[in-house]
Structures are given as structure tokens and as C-alpha cells.
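Structure first, commentary second.
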Amino acid sequence: QKEVEQDPGPLSVPEGAIVSLNCTYSNSAFQYFMWYRQYSRKGPELLMYTYSSGNKEDGRFTAQVDKSSKYISLFIRDSQPSDSATYLCAVNYGGATNKLIFGTGTLLAVQP
Amino acid sequence: SQTIHQWPATLVQPVGSPLSLECTVEGTSNPNLYWYRQAAGRGLQLLFYSVGIGQISSEVPQNLSASRPQDRQFILSSKKLLLSDSGFYLCAWAKVAYEQYFGPGTRLTVT
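Quick note, the sequences are listed as chains D and H, same order. Read left to right, the first sequence gives residues 119 to 230 (our numbering). Read left to right, the second sequence gives residues 13 to 123 (our numbering).
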């Protein structure tokens, strides 16, 4: 079983739609949960990270962690064509551990 | 503000040739530094990380090596490239592991 699973998509939505991107993870010991956005042929860009359970909002983006079901989500409101990219989730044990474990990414296309 | 540079941006090398990729960070001191590889359709695989000058931790056994000769410089090397070394190589820096910032990447094609 992979430590982090993510549907590769592609996910195609019309402009203005609410987008839901999701990952599941296997180890309840993970403490930090990250979302990265990666445009084609570019390095990933950190959107936000969440510690433990709960929600975190930044503009049109909301990250949500449900530790009871080992499920993490990223919601994008009022999606724009510029949001078209691959979205990667990542997890970390916290403490002194340095390793991020990434999902394989979901390709999102927002159609104008 | 902090900036991370990688070069070259693209590289085409024959099998068996050596490799040297360089990463430098500006605007911070004593960062954690990371090398990742991203293969097509796959997630990021951590190759090496460093918490200080001369300190290298290897995550995956392979024919690659890493060095950190200066505080903000991280180098990925190979003596003899394999076809399987092709991929997108990303360097990242962080003060804490859960907040990593990536460079623009180097696309390596081994022919």
C-alpha cells in the first residue's frame, strides 16, 4: 500500500467551478499535510500546509484534513484558467524528520 | 526574500557520461537542502538531503551522489549516467521540513 494515494486525473472543470482535490494516506502518525501546485515544466510551488486536523484558508484555496479517515482535501473556489496545473499533496511526520512523502499529483484543467 | 537557483535548466547527456547539477540558495543561512527526482507520471522521490555543510543523507541507493561544499550550495553528481537517470531534478530548501521551497528544476535526458 502506498503511503499517499492521489487520483491522477485529469480533472476538467469549467471556469468558476468549485474544485475538490483529494488524497488519502496510510499512516496515522503523519502530522503535517501540504499542497503544492506545479505548472508544466516548472518546480512545485507550496500553496499551504496544515498541522494535524482542521481547515486552513488562503484566498480562494481551502485545505482540509480529516485524520479520522486519513483524508486530505484542497478546495479551489471560483476556479480560473490560471489554476490549470498539477496539484501534489504531501505529508510529513513532523519533529526531526526531514522527509516529505508526495502523492503522484492530480492534473487539473480549468476550461474558459 | 529567498531565491533558489538551479542550473543547467536542461541537459542531454550520453549514457556513461558524468553529471554535475548545481543548486544555490540566496537570502537565508543554514537551510536544509534537498534533491528530488520526478519521473514522468510519478511523484517526487527524495534522493538526498543535507542539514549542514558536509552532511549528506541518502534516501535511495543509486549511482548518484550529493555534496554540500558551502552553506547554500548543493551539488548532485554521477560518475556514469544510466538511461534510468533521466528525469526532472528538483532542488529544494527549507528551515522546517514541512515548508519546502523548490527551484525551477533541471530536465535531464540520458541518451
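Backbone N, C-alpha and C define an ideal beta-carbon position, used for all residues, glycine too.
Reduced DSSP secondary structure (H/G/I, E/B, other) of residue i
| i | result |
| --- | --- |
| residue 199(D) | helix |
| residue 70(H) | strand |
| residue 89(H) | strand |
| residue 83(H) | coil |
| residue 1(H) | Look at the range of chain H in this structure, 13 to 123, and you will see that residue 1(H) is not part of it. |
| residue 96(H) | helix |
| residue 148(D) | coil |
| residue 190(D) | strand |
Beta-carbon proximity list for residue i, same chain, < 6 Å, skipping 5 on both sides
| i | result |
| --- | --- |
| residue 223(D) | 204 and 206 |
| residue 22(H) | 119 |
| residue 114(H) | 102 and 104 |
| residue 116(H) | 18 |
| residue 121(H) | 24 and 98 |
| residue 44(H) | 63 and 106 |
| residue 125(H) | Any answer about residue 125(H) is impossible in this case: the structure gives chain H only from 13 up to 123. |
| residue 119(D) | 144 |
Which listed residue (the options) has its alpha carbon closest to that of residue i
| i | options | result |
| --- | --- | --- |
| residue 136(D) | 218(D), 180(D) and 209(D) | 180(D) |
| residue 33(H) | 20(H), 13(H), 108(H) and 74(H) | 20(H) |
| residue 151(D) | 214(D), 176(D) and 190(D) | 190(D) |
| residue 65(H) | 123(H), 27(H), 93(H) and 86(H) | 86(H) |
| residue 216(D) | 15(H), 17(H) and 59(H) | 59(H) |
| residue 49(H) | 162(D), 149(D), 186(D) and 177(D) | 162(D) |
| residue 68(H) | 93(H), 110(H), 36(H) and 47(H) | 47(H) |
| residue 96(H) | 112(H), 110(H), 76(H) and 81(H) | 76(H) |
| residue 42(H) | 123(H), 84(H) and 35(H) | 84(H) |
Sequence-distant residues of the same chain with beta carbon closer than 7 Å to residue i, five excluded per side
| i | result |
| --- | --- |
| residue 124(D) | 141, 207, 221, 222, 223 and 224 |
| residue 39(H) | 13, 14 and 15 |
| residue 211(D) | 147, 148 and 149 |
| residue 184(D) | 171 |
Chain H residues whose Cβ lies nearer than 7 Å to that of residue i
| i | result |
| --- | --- |
| residue 220(D) | 55 and 56 |
| residue 165(D) | None at all; the shortest Cβ gap to chain H is about 12 Å. |
Chain-ordered neighbours of residue i on chain H, where CB pairs are closer than 9 Å
| i | result |
| --- | --- |
| residue 142(D) | Those do not exist, as residue 142(D) stays about 14 Å from chain H at its closest Cβ, beyond 9 Å. |
Beta-carbon neighbours of residue i, restricted to chain H and to distances below 8 Å
| i | result |
| --- | --- |
| residue 160(D) | 116 and 117 |
Cβ neighbours of residue i in the same chain (closer than 8 Å, five flanking residues each side left out)
| i | result |
| --- | --- |
| residue 89(H) | 30, 31, 32, 33, 76, 77, 78 and 79 |
| residue 176(D) | 165 and 166 |
Neighbouring residues, chain D, relative to residue i (Cβ below 7 Å)
| i | result |
| --- | --- |
| residue 102(H) | 161 |
Q | Residues of the segment 110-123 of chain H whose Cβ lies closer than 9 Å to any Cβ of chain D, in chain order | A | 110, 111, 112, 113, 114, 115, 116, 117 and 119
Q | Residues within the segment 35-47 of chain H neighbouring chain D, beta-carbon criterion of under 8 Å | A | 44 and 46
Q: Report the residues of the segment 178-208 of chain D with a CB closer than 9 Å to any CB of chain H, ordered along the chain.
A: 206 and 208
Q) According to a CB-to-CB cut-off of less than 8 Å, which residues of the segment 59-86 of chain H neighbour chain D? A) 61, 63, 69 and 71
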